[in-house]
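**Q**
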Amino acid sequence: MSRLFHHSPREGREPLIRMVKRPQIPWAKANLIRAAALLGALLAGALIILLLGHNPLAVYADMLEGSFGSKVSRTETVKIAVPLLGASLCVALAFKMKFWNIGAEGQIMMGAIAASYFALFHHQNMPSWLLLTVMCLAGIIAGGLWGLIPAVFNAKWGINETLFTLMLNYIAIGFEKYLQNGPWKENPNGFPKIAMFAAEARLPRVFGVHVGWIIMLALVVIVFIYMKRTKQGYEISVVGESKNTALYAGMNVKKIIIRTMFISGAIAGLVGFIQVSGADFSLTESTSGGVGFTAITVAWLSKLNPIIMVFVSAFLAILQKGSNRIQTDFKIPASAASVLTGIILFFMLGCEFFINYRLIFRGRKEKRNGYSN
Amino acid sequence: MKKLLVILVCFALVFSLASCAKGGTGDQTAAPGTKAPGSGEETAPPDNAGGDITLENIKIGFIHIGDASDKGYTYNHDLGTKKMQETFGLRDEQIINMYNTPESSACDTAIRELIEKGCNIIFATSFGFEDYMKAAAAEYPDIEFCHATGYQAQGAGLDNFHNYFGNIYEARYLSGIAAGLKTQTNKLGYVAAMPYAECISGFDAFYLGALSVNPDVTMEVIYTNDWNDPSAEAQAAQALIDSGCDVIGQHCDSTAPMTTAEANGVWGVGYNSDMIEAAPNAVLTSAVWDWSRYLIFAVQSVIDGTPIPTDWSGGIKDGVCDVSALNETTIAEGTAEAIDAAREKIVSGELQIWAGPLYDNEGNEVVKAGEVFVEPQSAPSFNHILKGITILGS
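Written out as structure tokens, the structure is:
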């Protein structure tokens with residue numbers, strides 16, 4: 001991302017503002033910038049709330065109350081965070097390799113469809129534990145294969161993965177719509193929806209939330225170790241830094257791309273399985289519900305670090321749950337609530353720019369190529 | 374590790390801010406908020422102890438797929454809620470609306486939050502909420518669950534799970550008369566949300582009404598596959614107008630088909646609420662619901678401790694549905710007389726909408742001559758697309 005803003009010295013008149021990459025910033029200072037950004041976000045949000053005619057402090061308090069205040073709201077917040085965390089792990093693996101997988105949405109959907117197939121049509125044939133295992137594997141494989149397609153095309157023929165993964169989302173969602181309106185429709189003459197899963201195809205609950213949260217936390221640890229401590233994880237970061245370096249070091253870059261994308265898609269497929277069997281108990285058009293895109297924000301805010309993702313996805317879940325609550329309690333329109341969360345995210349992402357770059361105004365001499373800190 | 378600390382610090386910041394907020398503005402939050410700790414105890418502690426539900430302590434929850442900004446379905450349901458509230462003199466905090474709830478597990482969440490806030494009776498207004506309502510009704514036998522447009526209450530075997538809807542096809546028929554008299558191209562357009570009985574029976578009745586005053590009329594229908602998607606609804610209306618339709622009917626939540634008709638200088642017939650304000654030069658009339666009839670009845674039943682019927686329905690003669698006031702500037706001459714005459718016959722039972730012979734658009738006789746199709750439940754089940762109606766784009 002930082003490459004977008006690369007500073008290039010120009011001939012002639014000096015521009016009014018120039019961006020200079022900071023070499024290294026002390027972490028205390030970086031955090032000061034982040035804290036300032038959060039404060040700025042809350043203040044900007046407060047302005048909007050004031051314009052809507054409400055007390056900002058009361059609204060913020062109500063957001064927190066809505067996401068933590070009771071047992072139901074706590075479990076629901078966790079239910080929002082779980083798929084977000086999983087999708088973030090999915091995209092982080094690919095992003096580490098600088099492979100822009102924005103197809104988590106579709107990979108989740110394909111995993112969900114595969115898992116639903118067994119839940120809908122084979123639930124009579126197996127005991128619950130076996131059915132859930134089969135559904136889980138089906139989801140993982142289907143998601144992985146959906147991630148594999150753009151990887152193969154990219155590795156073999158250099159086809160742009162960003163567009164490819166994006167377009168595959170719409171195919172996956174279109175396929176779900178076809179199933180919902182056609183072959184999988186619950187009542188042939190009725191409303192176009194897919195049947196609710198039988199009890200055997202539903203994930204058990206632990207502490208009031210489906211076990212998906214335990215699976216996800218385990219996956220965080222696994223992905224963390226995989227990325228930081230294994231040979232394959234190392235290969236991913238080398239390919240991400242420079243494909244030529246990887247080639248020079250004798251790595252099979254194509255194989256690494258294909259393998260990593262399978263894993264990335266497989267994680268998304270697992271998320272799809274967890275959503276249909278743990279949260280929705282059915283397959284709907286909104287099963288992936290945009291988490292595949294929100295996960296990109298989570299991944300960047302966490303600097304692709306799986307451990308931090310736990311907190312960032314929890315943070316986003318709180319924002320989402322909280323903004324639902326203020327719609328109910330203060331009759332704040334849905335669009336205004338989205339603007340509010342958008343502002344907070346904008347500040348949080350925007351501050352990373354000021355951590356990586358500093359601005360130099362015309363006339364001010366920069367000290368030693370910007371090495372001034 | 375450092376980054377982890379950072380996030381924790383951020384969280385701590387948010388929390389500290391919030392806790393300040395709570396301390397500082399506690400009084401203010403209580404006023405518009407959900408829990409007014411004092412009020413429940415002050416009113417009647419013995420009542421609560423005995424479990425009796427009174428007008429003083431009843432709490433009523435609603436789950437909506439959209440919000441009142443649609444100016445259509447949810448807006449109109451809210452009007453019913455307000456009327457019910459005024460009738461009983463309920464305080465604002467006794468009514469909790471959950472808006473913009475998707476037809477997914479989010480509905481389950483909404484139900485649980487309403488229960489947690491102490492609701493005694495919960496209304497859910499969109500078709501896709503039914504499975505979640507049914508499951509919750511089984512789990513919470515002491516709370517009443519009322520679901521509009523659904524069909525599963527009969528046969529669910531639950532005393533506290535109910536469906537409600539009405540004979541909106543009667544109002545559709547009347548509004549079709551206005552369309553049939555107005556059209557100059559003899560081609561009506563209709564924006565429908567979903568390809569199933571509720572929408573199909575609606576446009577059938579609308580078409581039959583038009584046909585009753587204009588034997589040359591045909592109709593084209595486009596589905597949006599979404600209850601509330603204003604941009605898709607506007608596109609569908611535009612496509613119908615482009616293909617020559619000059620009166621646009623609708624079964625979807627927003628006013629977009631009406632405003633699109635107005636922008637193109639053609640006419641429209643609204644649904645749910647009186648849409649005349651949204652498109653004053655286009656709307657002829659609207660087929661409208663008065664949900665307060667059911668809401669008042671159901672809430673009164675809870676107060677009285679009498680059972681709510683499993684399946685509740687009402688028509689024009691019950692005041693549950695009708696056409697809104699005709700738009701004098703747009704309607705064709707004779708519309709008011711034709712509609713009044715038909716309404717009288719519907720109320721007296723002389724005019725039956727689903728009277729045979731009726732043919733579907735493949736030529737099959739779906740209701741035989743001399744017979745009348747009677748809806749077995751409040752939720753419509755008549756799903757034959759009648760002769761003269763074409764579905765576009767599917």
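From first to last, the protein sequence lines are chains B and S.
Number 219 in the numbering used here belongs to position 219 of the first sequence; there are no gaps in the numbering.
If you want the numbering used here, it's the position in the second sequence, counting the first as 1, plus 373.
For each residue, glycine too, the CB sits at the ideal point set by N, CA and C.
1) Check this for me: beta carbons of P83 of chain B and I296 of chain B, under 8 angstroms apart or not?
2) Going along chain S in order, which residues have a C-beta closer than 8 angstroms to the C-beta of E76 of chain B?
3) Identify, in the order they occur along the chain, each residue of the same chain with its Cβ nearer than 8 angstroms to the Cβ of T287 of chain B, setting aside the five sequence neighbours on each side.
4) For the beta strand (DSSP E) that M592 of chain S lies in, which residues bound it at each end?
5) The beta strand (DSSP E) with F353 of chain B in it runs from where to where?
6) Given a limit of 7 angstroms on CB to CB distance, which residues of the region 184 to 210 of chain B reach chain S?
7) Exposed or buried, R229 of chain B, counting other C-beta atoms within 10 Å across all chains shown (16 or more means buried)?
8) Does the Cβ-Cβ distance between I318 of chain B and S67 of chain B come in under 8 angstroms?
9) How would you write the range of the beta strand (DSSP E) that H450 of chain S sits in, first residue to last?
10) With burial defined as no fewer than 16 other Cβ atoms inside 10 Å of the residue's Cβ, what is the status of T763 of chain S: buried or exposed?
11) So, is the C-beta of F354 of chain B closer than 8 angstroms to a C-beta in chain S?
12) Compute the Euclidean distance between the alpha carbons of S73 of chain B and V209 of chain B, then round it to the nearest angstrom.
13) Listing by chain order, which chain B residues have their CB less than 8 angstroms from the CB of F500 of chain S?
14) Could you tell me which residues DSSP pairs with A563 of chain S in its beta bridges?
15) Strictly by DSSP, which residues pair up with V206 of chain B?
16) With a threshold of 8 angstroms between beta-carbons, can N756 of chain S be considered close to chain B, or not?
17) Do G453 of chain S and D663 of chain S have their CB atoms nearer than 8 angstroms?
18) State the DSSP-derived secondary structure class of R18 of chain B, mapped to helix, strand or coil.
19) Helix, strand or coil: how does DSSP classify F435 of chain S here?
20) Once the 5 residues before and after T294 of chain B are set aside, which same chain residues still bring their CB inside 8 angstroms of it?
21) Unbroken beta strand (DSSP E) runs of length 3 or more, entirely within the region 534 to 564 of chain S: which are they?
22) With 8 angstroms set as the bound, which would you pick, yes or no: does the beta-carbon of V72 of chain B sit closer than that to a beta-carbon of chain S?
23) What does the alpha-carbon distance come out to for the pair I308 of chain B and N31 of chain B?
24) Would you tell me roughly how many angstroms separate the C-alpha atoms of V596 of chain S and I573 of chain S, rounded to the nearest one?
25) If we ignore side chains and look at the alpha-carbon of each, how far apart do S585 of chain S and Y563 of chain S end up?
26) Quick one: list the residues of chain B neighbouring S477 of chain S, beta-carbon separation under 7 angstroms, in chain order.
27) Hey, is T341 of chain B's beta-carbon within less than 8 angstroms of any beta-carbon in chain S?
28) In whole angstroms, give me the CA-to-CA distance for E200 of chain B and V223 of chain B.
29) Do E593 of chain S and L765 of chain S come within 8 angstroms of each other at the CB atom, strictly closer than that value?
30) Have a look at B:S116, B:I171, B:S264, B:G212 and flag the residue whose alpha-carbon is nearest the alpha-carbon of I80 of chain B.
31) Go through the region 468 to 545 of chain S residue by residue and report every complete run of the alpha helix (DSSP H) that reaches 4 residues or more, in order.
32) Quick one: Cα of C351 of chain B to Cα of P23 of chain B, how far?
33) How about I257 of chain B and A151 of chain B: do their beta carbons lie closer than 8 angstroms?
34) Can you give me the C-alpha to C-alpha distance between Q673 of chain S and K455 of chain S, rounded to a whole angstrom?
35) Checking the sheet assignment: what are the DSSP bridge partners for T763 of chain S?
36) In the DSSP assignment, find the unbroken alpha helix (DSSP H) run with N154 of chain B in it and report its ends.
**A** Looking at the atomic coordinates:
1) Working through the first sequence from its first residue, we reach residue 83 of chain B at position 83. Working through the first sequence from its first residue, we reach residue 296 of chain B at position 296. Their beta carbons are not under 8 angstroms apart, which means P83 of chain B does not touch I296 of chain B by this criterion.
2) Here residue 76 of chain B corresponds to residue number 76 of the first sequence, with the count starting at 1. T482, R485, E486, listed in chain order.
3) Counting from one through the first sequence, the residue named residue 287 of chain B turns up at place 287. The answer, listed in chain order, is I108, M109, A112, E176, G272, Q275, V276, D280.
4) What you label residue 592 of chain S is simply residue 219 of the second sequence in a count that begins at 1. Start and end: 591 to 596.
5) Counting from 1 along the first sequence, the entry for residue 353 of chain B is found at position 353. Per DSSP, F353 of chain B belongs to no beta strand (DSSP E); it is in the alpha helix (DSSP H), 334 to 356.
6) N189, G190, F191, P192, K193, M196
7) The residue labelled residue 229 of chain B in the question sits at position 229 within the first sequence. With fewer than 16 other Cβ atoms within 10 Å, it is exposed.
8) Locating residue 318 of chain B in the first sequence gives position 318, counting from the first residue. Locating residue 67 of chain B in the first sequence gives position 67, counting from the first residue. Their beta carbons are under 8 angstroms apart, which means I318 of chain B touches S67 of chain B by this criterion.
9) Here residue 450 of chain S refers to the residue found at position 77 of the second sequence. Taken as a continuous stretch (DSSP letters only), H450 of chain S belongs to no beta strand (DSSP E), being part of the alpha helix (DSSP H) at 446 to 461.
10) Mapped onto the second sequence, residue 763 of chain S falls at position 390. T763 of chain S should be labelled exposed.
11) The residue given as residue 354 of chain B occupies position 354 in the first sequence. It does not; no Cβ of chain S falls within 8 angstroms.
12) As a working mapping, residue 73 of chain B is identified with position 73 in the first sequence. As a working mapping, residue 209 of chain B is identified with position 209 in the first sequence. Distance between the alpha carbons of S73 of chain B and V209 of chain B: 11 angstroms.
13) The count along the second sequence starts at 1 and reaches residue 500 of chain S at position 127. Within 8 angstroms Cβ-Cβ: F191.
14) Taking the second sequence and counting its residues from 1, the one referred to as residue 563 of chain S is at position 190. In the sequence as presented, Ala is not what sits at residue 563 of chain S; that position holds Tyr. DSSP lists S:V594, S:G622 as partners of Y563 of chain S.
15) Walking along the first sequence from the start, residue 206 of chain B turns up at place 206. BP columns for V206 of chain B point to B:V209.
16) In the second sequence, counting from the first residue as 1, residue 756 of chain S sits at position 383. Chain B contact via Cβ: present.
17) In the second sequence, the residue the question calls residue 453 of chain S occupies position 80. In the second sequence, the residue the question calls residue 663 of chain S occupies position 290. A contact, by the Cβ cut-off of 8 angstroms.
18) On the first sequence, position 18 is the one that residue 18 of chain B refers to. Strand.
19) Translated into the one-based positions of the second sequence, residue 435 of chain S becomes position 62. Looking at F435 of chain S - three-state DSSP - the assignment turns out to be strand.
20) Translated into the one-based positions of the first sequence, residue 294 of chain B becomes position 294. Residues of the same chain with a CB within less than 8 angstroms of the CB of T294 of chain B, apart from the 5 flanking positions on each side, are L84, A87, L316 in chain order.
21) Fully enclosed beta strand (DSSP E) runs of 3 or longer: 534 to 537.
22) Walking along the first sequence from the start, residue 72 of chain B turns up at place 72. Cβ-Cβ to chain S under 8 angstroms: yes for V72 of chain B.
23) The count along the first sequence starts at 1 and reaches residue 308 of chain B at position 308. The count along the first sequence starts at 1 and reaches residue 31 of chain B at position 31. Those two C-alpha atoms are separated by around 14 angstroms.
24) As a working mapping, residue 596 of chain S is identified with position 223 in the second sequence. As a working mapping, residue 573 of chain S is identified with position 200 in the second sequence. Strictly speaking, residue 596 of chain S in this sequence is Tyr, with Val absent from that position. Between the C-alpha atoms of Y596 of chain S and I573 of chain S there is a straight-line separation of about 10 angstroms.
25) Translated into positions along the second sequence, residue 585 of chain S becomes position 212. Translated into positions along the second sequence, residue 563 of chain S becomes position 190. Spanning the alpha carbons of S585 of chain S and Y563 of chain S requires a straight line of approximately 18 angstroms.
26) Position 104 of the second sequence holds residue 477 of chain S. Around S477 of chain S, the beta-carbon contacts reaching into chain B at under 7 angstroms are D280, T284, S286.
27) Within the first sequence, the letter at position 341 stands for residue 341 of chain B. No, T341 of chain B lies away from the interface with chain S (no Cβ there is under 8 angstroms from its Cβ).
28) The residue given as residue 200 of chain B occupies position 200 in the first sequence. The residue given as residue 223 of chain B occupies position 223 in the first sequence. Their Cα atoms are separated by approximately 29 angstroms.
29) Translated into the one-based positions of the second sequence, residue 765 of chain S becomes position 392. Translated into the one-based positions of the second sequence, residue 593 of chain S becomes position 220. Yes.
30) On the first sequence, residue 80 of chain B is found 80 positions in, with the first residue counted as 1. Residue B:G212 is the option with its Cα nearest to I80 of chain B.
31) 478 to 489, 503 to 512
32) Reading the first sequence from its first residue, position 351 is the one you call residue 351 of chain B. Reading the first sequence from its first residue, position 23 is the one you call residue 23 of chain B. Those two C-alpha atoms are separated by around 16 angstroms.
33) Along the first sequence, read from residue 1 onward, the residue named residue 257 of chain B stands at position 257. Along the first sequence, read from residue 1 onward, the residue named residue 151 of chain B stands at position 151. Their beta carbons are under 8 angstroms apart, which means I257 of chain B touches A151 of chain B by this criterion.
34) Against the second sequence, residue 673 of chain S aligns to sequence position 300. Against the second sequence, residue 455 of chain S aligns to sequence position 82. Spanning the two alpha carbons is a distance of roughly 15 angstroms.
35) As a first step, residue 763 of chain S must be located in the second sequence, where it is residue number 390. Answer by DSSP bridge pairing, in chain order: S:E593.
36) Here residue 154 of chain B is taken as the residue at index 154 of the first sequence, counted from 1. Segment 128 to 157, the alpha helix (DSSP H) holding N154 of chain B.
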